[in-house]
DNA sequence: TTGATATTTAGAATGATTCCAATTCTTATG
DNA sequence: CATAAGAATTGGAATCATTCTAAATATCAA
Ligand SMILES: [Mn+2]
Ligand SMILES: [Mn+2]
Ligand SMILES: [Zn+2]
Ligand SMILES: [Zn+2]
């Protein structure tokens, strides 16, 4: 859970590269996201950040995550109108939500699938993003 | 916008078949959804229902739409955390949201695409539903 | 027709998120 | 290193889609 100096520097690099000032809170929130890639909600990120020495406010967790999304460091994941979840996986991927455990898994998207998906759009439709969400059950704790 | 007797009877049939009592309000809300398949929000369905003689409450619009969803007559469509939209198209289809106009279009899903999508899931993942949402721009008013 | 059950309704409550204004940081500059 | 301007953090208030409540109405099988 604690970052070594190398990881911390790399993380600061990510923030700077994204045009964000590397504050103590941002470093911590980002490290929380990278530590367990289980698509936590804001509330969950906040809980996991309580270990931070002087604490962190819920508003700041919202602000950090928002700035990460704007700068492309993380993506939001929504299921219906449940609290938004956050995902640091930048590869093209879909999500699968196990409706029994509530866990959300990453599903890698092969390029051929993306191509086939774009091919179903009528003439003149220019997609900028696509979101693919499964939900169902899973027999094993894969991925 | 007004239903003829034949349509009304068919609509009552749908409700009864779904195990729902065919009330004046449900008939009206469903007819509103079927009249313009443009994925209206609750608020929009409510506006379009003001023509109903004795009016209809917002709570009832929520209730009607919820009962339609539960009985499988309509589907919900969510984009981020915007107000939920409602769709009476029961064929397998994706959605495309034009970010300039806000309009949401239906995109038919060929069976081969569904099959390919299921094939990307790891062993043991049993999907019960899949949601596919594009957003971007569109050059023409197709669909 | 009538009673049991379901639906409708206005308004209150909820809860995730956003907004606000005051305080504290960060960092460029001298 | 000191300073100042802009950026980030913060607690609490505000927003707003949605859900809940409990009282009034409507539906329908018997
Ligand atoms: Mn977007
Ligand atoms: Mn579902
Ligand atoms: Zn993910
Ligand atoms: Zn649709």
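Chains as they are written, first to last, in the working numbering: chain A, 12 to 154; chain B, 12 to 154. Note that beta-carbon positions come from the ideal geometry of N, C-alpha and C, so glycine has one too.
query	result
Euclidean distance between Cα positions of residue 86(A) and residue 19(B)	45 Å
Length of the line joining the Cα atoms of residue 149(B) and residue 111(B)	9 Å
Interface partners of residue 137(A) on chain B, CB under 8 Å	147, 148, 149, 150
Neighbourhood of residue 56(B) by C-beta, 8 Å cutoff - its chain only, sequence neighbours within 5 removed	40, 43, 44, 72, 76, 97
Segments of 3+ residues assigned as beta strand (DSSP E) that fall wholly inside the stretch 75–128 of chain B	86–88, 96–98, 104–109, 115–119
Closer than 8 Å: residue 56(A) CB and nearest ligand 3 heavy atom	no
Contact check, residue 33(A) vs residue 147(B), beta carbons under 9 Å	no
Contacting positions in the stretch 87–108 of chain B - beta carbon closer than 8 Å to chain A	87, 89, 91, 92, 95, 105, 107
Beta-carbon contacts of residue 100(B) that lie in its chain and below 6 Å, excluding the five residues immediately before and after	117
Cutoff 6 Å; reference residue 88(B); Cβ partners in own chain excluding five residues on either side	50, 96, 98, 106
Residues bridged to residue 52(A) (per DSSP)	96(A)
Residue 146(B): CB within 8 Å of a non-hydrogen atom of ligand 4	no
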